[in-house]
Structures are given as structure tokens and as C-alpha cells.
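Heads up: the structure comes next, in C-alpha cells.
In the numbering used here, the protein residues as written are 11 to 195.
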């Protein structure tokens, strides 16, 4: 497969194309830049800019206008300024096949704690580590899975143990491996 360098578009060719695409006057700088980039590649003659729609729209907007600032820009004058600033080449005929449509779908594997169902991570080791201290894990014999647990869902209640032989007042919640633990039904 031979590689060919596309020919630079001449100013009259660019002017003719722009007049056909947008008319005698450019009404919207960004729309004109979008139309240009659908057909042409614009590389700055000075600097490293390539196909920057905002920069192209700013060049079109900076074109002197006979009406004054903020008025429609003469298309031929805009084409002249663009031709002086950029190397303009046509996109290849098979351009649509060369590019990949983005965004591409990405499949991500995540792992979830089977006890609380709230802790999920992409890294399996982090989930396994969480499972060794998850309050919902019945193997840990933790307060959250005990029949004696008072959850503190009411404002006047604190999270505590209702077992008569339960831990002292100053215990740190939750208690793991509690000898008084009894499975919830």
C-alpha cells in the first residue's frame, strides 16, 4: 500500500467550497469550523495546532468585516485568512473507515461482598479483605447479625446489645466473635 501525501488546497478552491457550504457571509463561526473539519484537515503553519475547532472559529471571527465587529463575516475574506494561517488538505476518501467511533464499550469486572452487598471493587483482594471484617458476615459473630442487637434506628435509642449479660457500658461497637452471639432468624 503506497502512502500519498494529500495536496494542499488552494485559496480559490477553499473560497469556492466555503461559499457553496456557508454562503457569501459566515453567520456562525463554530458552524463554519465544523463544516470545514468535516471535509478538510487544517494544520497551523506556525505552531502545533491540528484540527482545533475553537481556534479555527476564532480565526474566522477575527476576519475584518465591512459591517464592523460582531457582524457576519465575508466568506472570501475568511477563506483568505484561513489559507494564510493553515495548511489545508482534503480528508482521504476512506476517512470514515479509518477512524474508530468513540466511545468504545469497556467491560469491567467488579467483585461484591456477598454479605453486605454494598462493598464493590474491581480488585478481588480488596473485597476478600473487606469480607474478613464485614459486619454482616455471620462467621464473624458480630453485633449486626445477632438477635440481641438493637440497631438504634429510633432517635431515642443507641446502638447496643439487649442481652442481659451483654458487654459493659463502655464497649466499642461492634463486638466481633462475641460469646453471647445468637443468629438472627
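Think of the CB as a built atom: it goes at the ideal place given N, C-alpha and C, for glycine as much as any other residue.
Bear in mind the structure is a predicted one, so any value in this text is a computation, not a measurement.
Rounded to whole angstroms, what's the CA-CA distance from residue 161 to residue 155? Just pull it up for me. For this step, residue 161 is matched to residue 151 along the chain shown. For this step, residue 155 is matched to residue 145 along the chain shown. Each residue's Cα considered, the two are about 10 angstroms apart.
| query | Thinking just about the alpha-carbon of each residue, which of 48, 192 and 41 is nearest to the one in residue 198? | reply | As shown, the chain starts at 11 and ends at 195. That puts residue 198 outside it, with no answer to give.
I'd like the span of the alpha helix (DSSP H) that includes residue 85, first residue to last. The residue labelled residue 85 in the question sits at position 75 within the chain shown. Note, residue 85: alpha helix (DSSP H), 85-95.
inquiry  = So the candidates are 56, 54 and 33; which of them puts its Cα closest to the Cα of residue 45?
reply    = If you number the chain shown from 1, residue 45 lands on position 35. Of 56, 54 and 33, the residue nearest in Cα terms is 33.
Boundaries of the alpha helix (DSSP H) in which residue 139 is found, first to last residue = For the purposes of this step, residue 139 is taken as the residue at position 129 of the chain shown. Here the alpha helix (DSSP H) through residue 139 covers 134-141.
* Straight-line CA distance for residue 123 to residue 138? -> Here residue 123 refers to the residue found at position 113 when the chain shown is read from its first residue. Here residue 138 refers to the residue found at position 128 when the chain shown is read from its first residue. If you take the alpha carbons of residue 123 and residue 138, they lie about 8 angstroms apart.
To the nearest angstrom, how far is it from the Cα of residue 125 to the Cα of residue 149? Within the chain shown, residue 125 is the residue found at index 115, counting from 1. Within the chain shown, residue 149 is the residue found at index 139, counting from 1. Roughly 10 angstroms between the two C-alpha positions.
(Q) Distance check for residue 190 and residue 176, CA to CA, integer angstroms please. (A) Within the chain shown, residue 176 is the residue found at index 166, counting from 1. Within the chain shown, residue 190 is the residue found at index 180, counting from 1. C-alpha separation (whole angstroms): 7 angstroms.
| said: One question on the structure: do residue 1 and residue 173 come within less than 7 angstroms of each other, judged by their Cβ atoms? | reply: Because the chain here runs from 11 to 195, residue 1 falls outside it and cannot be looked at.
Task: Classification of residue 20 by the beta-carbon crowding that lies within 10 angstroms, buried from 16 upward - done: On the chain shown, residue 20 is found 10 positions in, with the first residue counted as 1. Residue 20 is exposed by the Cβ-count criterion.
Practice problem: For residue 142, count neighbouring Cβ atoms within 10 angstroms of its own Cβ and tell me buried if that reaches 16, exposed if not. | Solution: Here residue 142 is taken as the residue at index 132 of the chain shown, counted from 1. With fewer than 16 Cβ atoms within 10 Å of its Cβ, residue 142 is classed as exposed.
Notebook entry, point to check: Ends of the beta strand (DSSP E) at residue 52?
Noted result: Position 42 of the chain shown, counting from 1, holds the residue named residue 52. Its beta strand (DSSP E) spans residues 50-54.
Take residue 95 as the anchor and find which of 52, 146 and 170 has the nearest alpha-carbon.
Here residue 95 is taken as the residue at index 85 of the chain shown, counted from 1. Selected option, being the one with the closest Cα: 52.
Cα-Cα separation between residue 54 and residue 65, rounded to whole angstroms | Taking the first residue of the chain shown as position 1, residue 54 is located at position 44. Taking the first residue of the chain shown as position 1, residue 65 is located at position 55. If you take the alpha carbons of residue 54 and residue 65, they lie about 10 angstroms apart.
Start and end of the alpha helix (DSSP H) containing residue 64?
For this step, residue 64 is matched to residue 54 along the chain shown. 63-71 is the extent of the alpha helix (DSSP H) around residue 64.
Review point. For residue 155, which of helix, strand or coil comes out of DSSP?
Key: Residue numbering aside, residue 155 sits at position 145 when the chain shown is read from its first letter. The answer is helix: DSSP assigns residue 155 an H, G or I state.
Please confirm if residue 121 has its CB atom under 7 angstroms from at least one CB of chain B. Note that chain B does not occur in the displayed structure, where there is just one protein chain.
Check your understanding: What separation, rounded to the nearest whole angstrom, lies between the Cα atoms of residue 195 and residue 121?
Key -> Reading the chain shown from its first residue, position 185 is the one you call residue 195. Reading the chain shown from its first residue, position 111 is the one you call residue 121. If you take the alpha carbons of residue 195 and residue 121, they lie about 27 angstroms apart.
- Task: Tell me residue 36's beta-bridge partners as DSSP assigns them.
- Result: Walking along the chain shown from the start, residue 36 turns up at place 26. Its beta-bridge partners are 83.
* Asked: Looking at the structure shown, is residue 120 part of a helix, part of a strand, or coil, going by DSSP?
  -> Position 110 of the chain shown, counted from the start, is the residue given in the question as residue 120. Coil at residue 120, not helix or strand.
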